[in-house]
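J.: Just so it is clear: in the first sequence, position 735 is 734 by numbering that gives the first Met the number 0, and no numbers are missing.
Cβ coordinates follow ideal geometry from the N, Cα and C atoms, glycine included.
Can you read through this structure? Questions will come right after.
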Amino acid sequence: MAELNERYQAQDIEERWQQRWEADKAFATQMNRQRPEYYVLEMFPYPSGNLHMGHVRNYSIGDVIARFRNMQGYNVLHPMGWDAFGMPAENAAIKHGIHPADWTWDNISNMRRQQKALGLSYDWDREIATCHEEYYRWTQWLFLLFYERGLAYKKKASVNWCDSCATVLANEQVIDGHCWRCDSEVRKKDLEQWFFRITDYADRLLADLDDLKGWPDRVKTMQENWIGRSEGLEFNFDVDGFDEKIPVYTTRQDTLCGVSYVVLAPEHPLVERLIAGTEQEAAVRAFVETVRSQSEIARTSTEVEKEGIFTGAYAVHPLTKALVPIWVANYVLYEYGTGAVMGVPAHDERDWLFAGKYGLPKKIVVSPVGETLELDAMTDAYTGAGVLVNSGQFDGLDDETAKKAIADWMEKEGRGTRRVNYRLRDWLISRQRYWGAPIPMIYCPQCGIVPVPKEQLPVKLPRNVRFDQSNVSPLATVDEFVNCTCPVCGAAARRETDTMDTFMCSSWYYMRYTDPRNTTVPFEESKVNYWMPVDQYIGGIEHAILHLLYSRFFTKVLKDAGLVNVSEPFKNLLTQGMVLKDGSKMSKSKGNVVSPEEIVSKYGADTARLFILFAAPPERDLEWSEQGVEGAYRFINRVWRIAAHYQPTLAEASAPLDRDALGEAEKTLRRVLHITIKRVTDDIGNRFNFNTAISAIMELVNAVYAYRDQQAAPNAPLMQETFSVLLRLLAPFVPHVAEELWSQLLVEGSVHKQSWPDFDAEAVKVSEVEIVVQINGKVREKLVVPAGLDAKKMEQLVLEDAKVQQLTAGATIAKVVCVPDKLVNVVVKKG
RNA sequence: GCGGGUAUGGUGGAAUCGGCAGACACAACAGACUUAAAAUCUGUCGGGAGUAAUCCCGUGCCAGUUCAAGUCUGGCUACCCGCACCA
Numbered sequence: 000m001a002e003l004n005e006r007y008q009a010q011d012i013e014e015r016w017q018q019r020w021e022a023d024k025a026f027a028t029q030m031n032r033q034r035p036e037y038y039v040l041e042m043f044p045y046p047s048g049n050l051h052m053g054h055v056r057n058y059s060i061g062d063v064i065a066r067f068r069n070m071q072g073y074n075v076l077h078p079m080g081w082d083a084f085g086m087p088a089e090n091a092a093i094k095h096g097i098h099p100a101d102w103t104w105d106n107i108s109n110m111r112r113q114q115k116a117l118g119l120s121y122d123w124d125r126e127i128a129t130c131h132e133e134y135y136r137w138t139q140w141l142f143l144l145f146y147e148r149g150l151a152y153k154k155k156a157s158v159n160w161c162d163s164c165a166t167v168l169a170n171e172q173v174i175d176g177h178c179w180r181c182d183s184e185v186r187k188k189d190l191e192q193w194f195f196r197i198t199d200y201a202d203r204l205l206a207d208l209d210d211l212k213g214w215p216d217r218v219k220t221m222q223e224n225w226i227g228r229s230e231g232l233e234f235n236f237d238v239d240g241f242d243e244k245i246p247v248y249t250t251r252q253d254t255l256c257g258v259s260y261v262v263l264a265p266e267h268p269l270v271e272r273l274i275a276g277t278e279q280e281a282a283v284r285a286f287v288e289t290v291r292s293q294s295e296i297a298r299t300s301t302e303v304e305k306e307g308i309f310t311g312a313y314a315v316h317p318l319t320k321a322l323v324p325i326w327v328a329n330y331v332l333y334e335y336g337t338g339a340v341m342g343v344p345a346h347d348e349r350d351w352l353f354a355g356k357y358g359l360p361k362k363i364v365v366s367p368v369g370e371t372l373e374l375d376a377m378t379d380a381y382t383g384a385g386v387l388v389n390s391g392q393f394d395g396l397d398d399e400t401a402k403k404a405i406a407d408w409m410e411k412e413g414r415g416t417r418r419v420n421y422r423l424r425d426w427l428i429s430r431q432r433y434w435g436a437p438i439p440m441i442y443c444p445q446c447g448i449v450p451v452p453k454e455q456l457p458v459k460l461p462r463n464v465r466f467d468q469s470n471v472s473p474l475a476t477v478d479e480f481v482n483c484t485c486p487v488c489g490a491a492a493r494r495e496t497d498t499m500d501t502f503m504c505s506s507w508y509y510m511r512y513t514d515p516r517n518t519t520v521p522f523e524e525s526k527v528n529y530w531m532p533v534d535q536y537i538g539g540i541e542h543a544i545l546h547l548l549y550s551r552f553f554t555k556v557l558k559d560a561g562l563v564n565v566s567e568p569f570k571n572l573l574t575q576g577m578v579l580k581d582g583s584k585m586s587k588s589k590g591n592v593v594s595p596e597e598i599v600s601k602y603g604a605d606t607a608r609l610f611i612l613f614a615a616p617p618e619r620d621l622e623w624s625e626q627g628v629e630g631a632y633r634f635i636n637r638v639w640r641i642a643a644h645y646q647p648t649l650a651e652a653s654a655p656l657d658r659d660a661l662g663e664a665e666k667t668l669r670r671v672l673h674i675t676i677k678r679v680t681d682d683i684g685n686r687f688n689f690n691t692a693i694s695a696i697m698e699l700v701n702a703v704y705a706y707r708d709q710q711a712a713p714n715a716p717l718m719q720e721t722f723s724v725l726l727r728l729l730a731p732f733v734p735h736v737a738e739e740l741w742s743q744l745l746v747e748g749s750v751h752k753q754s755w756p757d758f759d760a761e762a763v764k765v766s767e768v769e770i771v772v773q774i775n776g777k778v779r780e781k782l783v784v785p786a787g788l789d790a791k792k793m794e795q796l797v798l799e800d801a802k803v804q805q806l807t808a809g810a811t812i813a814k815v816v817c818v819p820d821k822l823v824n825v826v827v828k829k830g
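What follows is the structure, encoded as structure tokens:
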């Protein structure tokens with residue numbers, strides 16, 4: 000056994016252990032039915048070039064969980080890979096003339112090196128990259144599976160277009176009218192595109208949120224809002240003088256008799272038919288053009304004044320048969336519901352404003368109980384509950400009953416049906432970009448749209464492509480790629496030149512990890528079902544809707560297809576907070592970036608990990624503090640020094656610990672030791688409060704120092720136990736230091752292969768406890784009493800206490816509340 | 001507008017089931033060691049009154065429940081996040 004260096008030198012030990020772990024394949028995992036399985040996963044990164052502190056935080060959290068579960072005896076899967084397709088690679092090609100593939104693979108090597116320098120316990124044999132042929136082959140295979148199941152379809156639609164990225168975007172990728180990646184304004188464009196029928200799964204995506212007990216409420220609520228389910232009634236208005244019907248959707252059919260007009264969205268096809276050849280034709284057409292030329296943001300803002308125009312046509316009210324005017328207005332969305340709504344000014348805020356502006360009649364049909372509404376006295380629509388009035392046969396019903404009654408009546412009359420509507424739209428998955436998985440479809444002049452046969456996959460990305468910023472997909476310019484033969488009839492055909500949204504690649508990667516080298520199927524059933532679902536998923540809140548919703552959708556489809564037997568991919572989700580500097584997110588433009596590499600080379604990976612886990616609980620934002628980093632570094636040094644101090648003692652330890660022969664100082668140290676085991680185990684395993692786990696270990700180290708200061712001759716077996724426990728508790732957080740000290744001070748073998756320490760309930764027991772004595776709820780005294788006293792004895796001891804007697808003299812004791820081993824509260828009344 | 005979250009010393013944060021508010025750190029100050037500095041070690045460290053023992057106040061604000069409230073209930077305020085003309 001060599002003597003420990005006086006000083007801790009991270010650089011001396013970290014690389015050595017990293018190489019050792021790699022050579023030993025220390026974290027490689029196989030299926031093993033003898034041990035319970037545990038799948039811990041951090042969201043795989045986009046290979047942008049360098050790790051940032053957010054990555055370090057993400058991986059440190061995952062690594063602590065993985066190492067902890069491993070030591071607890073679980074068979075742990077902890078893989079890493081690369082979300083490697085996407086725009087930045089193409090931008091680099093355009094800007095610097097580097098091929099996206101070269102750029103990406105170079106970045107992957109660099110970031111992998113940085114990850115390894117952090118000492119993360121990944122099973123590197125399972126590494127994947129979505130841009131690898133053997134990965135995107137299966138992404139394409141899954142596209143075909145969706146196509147076969149009727150879940151992939153092509154349609155022309157008004158879609159989101161980002162000029163700067165020169166591609167379309169899914170609704171989920173438009174944030175406040177701006178592109179999620181480059182933040183430039185998104186505009187609408189009519190294009191024929193591939194969609195995934197995620198709306199078919201809307202109800203299940205919503206309902207199954209209830210089963211996700213291990214997800215933050217925040218994320219579930221966001222998905223709930225995004226899916227946006229509403230229950231209502233769809234019914235038709237007849238158009239006076241036309242053989243046409245206007246279907247409308249409403250959730251407030253109780254206000255049916257308050258309808259004083261009907262509104263169509265400007266895009267509604269009926270508009271043209273109603274105005275053709277009329278006086279209004281030119282004016283309405285001009286209005287529609289104006290609205291359609293407005294940007295998405297301008298148009299959908301609630302701030303913008305509602306505008307509309309009368310079409311000249313009238314609809315027939317289904318109940319009263321009255322004629323109501325048909326308008327076109329900017330506030331009606333064509334994509335939602337039926338693209339037409341009934342106008343009820345008295346009971347809808349938007350309709351109130353619109354009717355007010357254009358002088359349309361308002362009619363009260365719902366009256367709050369015990370009150371009479373007067374139109375003249377109203378400043379706003381009444382949208383609350385009430386009883387129906389002015390509604391013929393439905394008068395006197397409360398609004399909820401009326402909803403049912405009117406829906407029943409409509410259904411009986413054959414005029415309408417109850418309908419559930421969702422805000423969620425189908426997922427637009429085609430992208431007019433090069434660096435993605437090609438959509439495996441062929442357009443044949445004879446056969447139409449033909450899928451590429453699965454055995455011909457992958458449809459490979461050609462390497463030689465010109466990159467310029469034109470608005471066509473770069474693949475469309477490569478003749479050898481585009482020109483092909485129809486797999487059905489052999490005729491000359493054209494390939495689809497769009498690639499898939501990168502979110503498709505990341506919607507199933509967690510399943511590929513379970514069987515990453517399979518060349519015949521995406522993953523083998525036995526393997527995927529052994530590991531799935533992911534027990535603990537860790538990542539940023541920015542994916543609350545995007546990646547997490549898509550992955551849930553994929554899992555459900557794959558379950559329906561019999562590929563996997565779970566319907567939810569991620570059992571528990573931890574959304575980590577951001578890493579801030581000077582109060583804002585680290586970013587190049589703000590110049591407040593701290594590079595992980597610098598920190599690792601200055602202090603070591605252990606310090607970086609320890610600081611980032613100690614500074615805040617994982618869900619909260621974390622303020623970077625150079626002084627905090629120094630503090631973490633100091634703590635590691637403190638552990639190192641006390642270990643060096645006791646190295647000779649540990650070398651002598653041979654006899655087992657005699658628990659009955661411990662002195663007071665030893666008992667105290669051992670009690671702290673075992674309380675720490677309990678706290679750290681609970682903090683890591685149940686609460687994910689790594690900051691308090693670390694502070695508990697710090698207290699333990701402080702207790703070891705205190706023991707050293709008062710005890711000239713240390714108890715060698717106790718020190719053996721103390722360091723054995725301390726290093727195992729430290730192992731998940733600071734794996735290199737723990738490993739180094741373990742190898743120098745204790746038995747052969749890796750600390751990471753040791754079992755997690757059990758706590759000894761006997762050691763934690765105390766003979767005396769300090770209890771708090773309150774008088775009328777205020778702390779007045781502290782007494783040391785024997786542990787485990789019952790309430791009666793506690794009360795007796797407290798009432799006998801001189802100070803208590805003095806303080807309660809002359810007062811009547813009304814009540815005494817006793818909490819065993821903790822507190823006694825004496826309630827007194829004056830007098 | 002709807003939904004969700006957050007608010008505790010100079011700072012990050014702790015208090016897990018309603019039971020001593022401020023654990024553990026950071027910073028600051030004082031001291032020890034040193035020729036000196038660094039490193040390390042020790043002490044003080046929410047506010048106020050008092051020589052002191054001790055007492056009063058204090059977890060965004062206002063009420064309430066309770067023997068007891070940072071924690072529970074009701075009502076606000078500020079900030080952050082999501083959705084938003086969704087009929």
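Rounded to the nearest angstrom, what separates Lys792 and Pro617 at their Cα positions?
T.: If you number the first sequence from 1, residue 792 lands on position 793. If you number the first sequence from 1, residue 617 lands on position 618. Approximately 44 Å between the Cα atoms of the pair.
J.: For Phe687, does the three-state DSSP call read helix, strand or coil?
T.: Counted from its first residue, the first sequence places residue 687 at position 688. Residue state, collapsed to three classes: coil.
J.: With a threshold of 16 other CB atoms inside 10 Å of the CB of Glu769, please say whether the residue is buried or exposed.
T.: Against the first sequence, residue 769 aligns to sequence position 770. Glu769 comes out exposed.
J.: How many Å lie between Ser550 and Arg432 at the Cα?
T.: Counted from its first residue, the first sequence places residue 550 at position 551. Counted from its first residue, the first sequence places residue 432 at position 433. Ser550 and Arg432: Cα-Cα distance of roughly 22 Å.
J.: In the structure shown, what three-state DSSP assignment does Gly385 receive?
T.: As a first step, residue 385 is located in the first sequence; it is residue number 386 there, counting from the start. Reduced to three states, the DSSP call for Gly385 is coil.
J.: Please report the distance separating the alpha-carbon of Met0 from that of Ala642.
T.: Mapped onto the first sequence, residue 0 falls at position 1. Mapped onto the first sequence, residue 642 falls at position 643. Low local confidence applies: a pLDDT of 45 at Met0 is under 50, so the model's placement there is unreliable, and no value is given.
J.: Does DSSP classify Gln805 as helix, strand or coil?
T.: In the first sequence, counting from the first residue as 1, residue 805 sits at position 806. The answer is helix: DSSP assigns Gln805 an H, G or I state.
J.: If Ala654 and Pro716 are in contact, beta carbons under 8 Å, what's the gap, nearest whole angstrom?
T.: Position 655 of the first sequence holds residue 654. Position 717 of the first sequence holds residue 716. Right, their Cβ atoms sit about 6 Å apart.
J.: Please state the DSSP three-state secondary structure of Met0.
T.: Taking the first sequence and counting its residues from 1, one reaches residue 0 at position 1. Any reading at Met0 is ruled out, since the residue's pLDDT is 45, under 50, leaving its predicted position unreliable.
J.: Nearest to Asn690 by CA position, among Leu745, Tyr645, Glu747, Leu621, is which residue?
T.: Start at 1 with the first residue of the first sequence, and residue 690 comes out as number 691. For Asn690, the nearest C-alpha among the options comes from Leu621.
J.: Taking only the alpha-carbon atoms, compute the straight-line gap between Ser183 and Ser163 and give it to the nearest angstrom.
T.: Stepping through the first sequence from its first residue, residue 183 is reached at position 184. Stepping through the first sequence from its first residue, residue 163 is reached at position 164. Whole-angstrom Cα-Cα distance: 7 Å.
J.: Which residues bound the alpha helix (DSSP H) around Ser600?
T.: For the purposes of this step, residue 600 is taken as the residue at position 601 of the first sequence. Unbroken alpha helix (DSSP H) run through Ser600: 595-602.
J.: Distance, Cα to Cα, Gly149 vs Arg284?
T.: The count along the first sequence starts at 1 and reaches residue 149 at position 150. The count along the first sequence starts at 1 and reaches residue 284 at position 285. Taking the CA atoms as reference points, Gly149 sits about 37 Å from Arg284.
J.: Using the Cα positions of Gly415 and Arg493, report the straight-line distance between them to the nearest angstrom.
T.: What you label residue 415 is simply residue 416 of the first sequence in a count that begins at 1. What you label residue 493 is simply residue 494 of the first sequence in a count that begins at 1. Looking at the backbone, the Cα of Gly415 and that of Arg493 are separated by about 45 Å.
J.: Give a yes or no on contact between the region 193-209 and the region 304-321, applying the rule of three or more CB pairs nearer than 8 Å.
T.: Judged by Cβ distances under 8 Å, the region 193-209 makes no contact with the region 304-321, as fewer than three pairs qualify.
J.: Could I get the ranges of all uninterrupted beta strand (DSSP E) runs contained in the region 290-338, with 3 residues as the minimum, in chain order?
T.: Counting only runs of 3 or more residues that sit fully inside the region 290-338, the beta strand (DSSP E) segments are 307-315, 322-328, in chain order.
J.: Enumerated in chain order, which unbroken segments of the alpha helix (DSSP H) with a length of 4 residues or greater are wholly contained in the region 109-159?
T.: The qualifying runs are 132-147.
J.: From what residue to what residue does the beta strand (DSSP E) around Gln535 run?
T.: Here residue 535 refers to the residue found at position 536 of the first sequence. That run of the beta strand (DSSP E) goes 533-539.
J.: Would you mind stating whether Cys181 and Leu168 have Cβ atoms separated by less than 8 Å?
T.: Indexing the first sequence from 1 puts residue 181 at position 182. Indexing the first sequence from 1 puts residue 168 at position 169. Result no, Cβ atoms of Cys181 and Leu168 do not sit closer than 8 Å.
J.: Counting only the same chain and skipping the five closest in sequence on each side, list residues whose C-beta sits under 8 Å from that of Val700.
T.: Walking along the first sequence from the start, residue 700 turns up at place 701. Within the same chain, Val700 has close Cβ partners Phe634, Arg637, Val638, Ile641, Leu725.
J.: Identify every residue that forms a DSSP beta bridge with Asn571.
T.: Numbered from its first residue, the first sequence carries residue 571 at position 572. The bridge partners DSSP lists for Asn571 are Gly213, Gln535.
J.: Cα separation between Gly61 and Gly338?
T.: For the purposes of this step, residue 61 is taken as residue 62 along the first sequence, with counting starting at 1. For the purposes of this step, residue 338 is taken as residue 339 along the first sequence, with counting starting at 1. Rounded to the nearest angstrom, the two C-alpha atoms are 47 Å apart.
J.: Can Leu744 and Leu649 be called in contact, C-beta distance under 8 Å?
T.: Here residue 744 refers to the residue found at position 745 when the first sequence is read from its first residue. Here residue 649 refers to the residue found at position 650 when the first sequence is read from its first residue. Yes.
J.: So within the region 348-421, which uninterrupted beta strand (DSSP E) runs reach at least 3 residues, ignoring any that extend past its ends?
T.: 415-420
J.: Sorted by chain position, which residues of the same chain lie with C-beta nearer than 6 Å to Asp755's C-beta, five sequence neighbours on each side aside?
T.: Residue numbering aside, residue 755 sits at position 756 when the first sequence is read from its first letter. Looking at the sequence itself, residue 755 is Trp, so the reference to Asp does not match. Once the five neighbours on either side are set aside, the close Cβ partners of Trp755 are Met70, Gln71.
J.: Return the bridge partner residues of Tyr246 from the DSSP annotation.
T.: On the first sequence, position 247 is the one that residue 246 refers to. The sequence shown places Pro at residue 246, not Tyr. DSSP lists Asn235 as partners of Pro246.
J.: With contact counted as at least three CB pairs below 8 Å, one residue from each stretch, are the region 293-305 and the region 366-383 in contact?
T.: no
J.: How long is the line joining the alpha carbons of Trp214 and Glu126, rounded to whole angstroms?
T.: Counting from 1 along the first sequence, the entry for residue 214 is found at position 215. Counting from 1 along the first sequence, the entry for residue 126 is found at position 127. Looking at the two C-alpha atoms, the distance is approximately 26 Å.
J.: How many Å lie between Asp202 and Asp425 at the Cα?
T.: By 1-based counting over the first sequence, the position of residue 202 is 203. By 1-based counting over the first sequence, the position of residue 425 is 426. Using only the alpha carbons, I get a separation of about 13 Å.
J.: Among Val592, Val556, Leu822, Asp757, whose alpha-carbon lies nearest the alpha-carbon of Val783?
T.: On the first sequence, position 784 is the one that residue 783 refers to. Out of Val592, Val556, Leu822, Asp757, Leu822 has the C-alpha closest to the C-alpha of Val783.
J.: Is the separation between the beta-carbon of Cys483 and that of Ile441 shorter than 8 Å?
T.: Within the first sequence, residue 483 is the residue found at index 484, counting from 1. Within the first sequence, residue 441 is the residue found at index 442, counting from 1. With respect to Ile441, Cys483 sits close: the two C-beta atoms are nearer than 8 Å.
J.: Would the beta-carbon of Lys305 fall within 8 Å of that of Phe353?
T.: The count along the first sequence starts at 1 and reaches residue 305 at position 306. The count along the first sequence starts at 1 and reaches residue 353 at position 354. In contact: Lys305 and Phe353 (Cβ atoms closer than 8 Å).
J.: Just curious, the beta strand (DSSP E) that Leu263 is in, first and last residue?
T.: If you number the first sequence from 1, residue 263 lands on position 264. DSSP places Leu263 inside the beta strand (DSSP E), whose first and last residues are 260-263.
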